[in-house]
Structures are given as structure tokens and as C-alpha cells.
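This report concerns only the one structure given below.
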């Protein structure tokens with residue numbers, strides 16, 4: 001990792017600390033500030049830096065992994081996931097698939113689940129002539 005991400009946890013915020021960490025990391029991933037294959041700080045290091053229990057940071061990392069934003073490997077640390085492999089597309093489909101991938105990637109980084117992503121897409125399609 002070039003520079004550690006600048007994260008902070010506010011004890012006066014009613015949002016649980018693990019969720020504050022998850023949201024901040026997801027935003028950094030979604031914005032590209034943490035690019036694919038970038039290694040996140042080790043759990044113990046980040047927990048120490050933020051004054052949190054290791055289990056709190058571990059929960060944030062697990063939730064990011066469940067959303068497909070990071071990949072954890074024993075001995076390899078936790079790294080930002082790249083966009084998932086997709087089926088081959090025709091030349092006509094390529095721009096649409098690229099746009100859809102970016103939409104899904106950013107929505108997941110914002111914390112949206114599959115149902116929310118699909119529902120938002122349906123709302124936009126229904127509102128567009």
C-alpha cells in the first residue's frame with residue numbers, strides 16, 4: 001500500500017464503529033482511491049491506529065468481503081477486489097456492460113445489496129421514456 005487510507009471513527013456518532021470503518025473503506029474503493037489489488041492495512045494495525053478492537057475491524061472487512069469489494073487470503077492479507085469476470089460480449093453490448101459494471105461496483109461500494117441495485121435500476125428504467 002502506498003499510503004494508508006485516512007480513516008477515523010467518531011465515538012459520538014450513533015453509527016457503530018465497524019460500520020463507520022466499512023463505509024469509509026467502501027467509499028475509498030468506490031472512488032478509486034483504493035484501486036483493485038491494493039492491500040488494506042492488517043487488522044491489528046488498523047485496529048490499533050483507530051483505537052478499536054481487532055474484532056470490530058474484522059467485522060468491517062468481512063462485510064466488505066461479503067459485498068465483493070475485498071478479497072482476504074490467509075498470509076496474503078486483504079486486498080481490494082477487481083471487477084468480477086464477465087461473460088464475453090458482442091461489440092454492441094460492450095458499452096452497456098461496461099456502464100452496468102461501473103454502476104454495480106459503485107452501488108456496492110455505497111453499501112447497496114443486490115435487491116436495492118435492481119430496484120434502483122427498475123425505477124430509472126420505468127421513469128425513462
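Residue numbers (full-length UniProt numbering): 1 to 129.
For each residue, glycine too, the CB sits at the ideal point set by N, CA and C.
Given the structure is predicted, the values throughout are model-derived calculations rather than measurements.
Separation of residue j from residue i, as counted between CA atoms
| i | j | result |
| --- | --- | --- |
| residue 11 | residue 27 | 20 Å |
| residue 9 | residue 95 | 39 Å |
| residue 92 | residue 78 | 36 Å |
| residue 1 | residue 64 | Confidence at residue 1 is low in this model, with a pLDDT of 45, below 50, so its placement is unreliable and the value that follows should be read with caution. When rounded, the distance between both Cα atoms is 18 Å. |
| residue 44 | residue 52 | 9 Å |
| residue 32 | residue 13 | 26 Å |
| residue 105 | residue 126 | 22 Å |
| residue 123 | residue 115 | 12 Å |
| residue 107 | residue 121 | 11 Å |
Nearest neighbour of residue i, chosen from the options [CA to CA]
| i | options | result |
| --- | --- | --- |
| residue 29 | 109, 98, 9, 97 | 109 |
| residue 42 | 72, 93, 128 | 72 |
| residue 83 | 6, 102, 112 | 102 |
| residue 20 | 36, 56, 34 | 56 |
Integer-rounded CB distance, given that residue j should sit under 8 Å from residue i
| i | j | result |
| --- | --- | --- |
| residue 61 | residue 54 | The Cβ separation is near 10 Å, so there is no contact. |
Status (buried if at least 16 other CB within 10 Å, exposed otherwise) for residue i
| i | result |
| --- | --- |
| residue 90 | exposed |
| residue 118 | exposed |
| residue 47 | buried |
| residue 17 | buried |
| residue 15 | exposed |
| residue 128 | exposed |
| residue 99 | exposed |
Short Cβ contact (8 Å threshold) for residue i with residue j
| i | j | result |
| --- | --- | --- |
| residue 68 | residue 81 | yes |
| residue 23 | residue 111 | yes |
| residue 50 | residue 97 | no |
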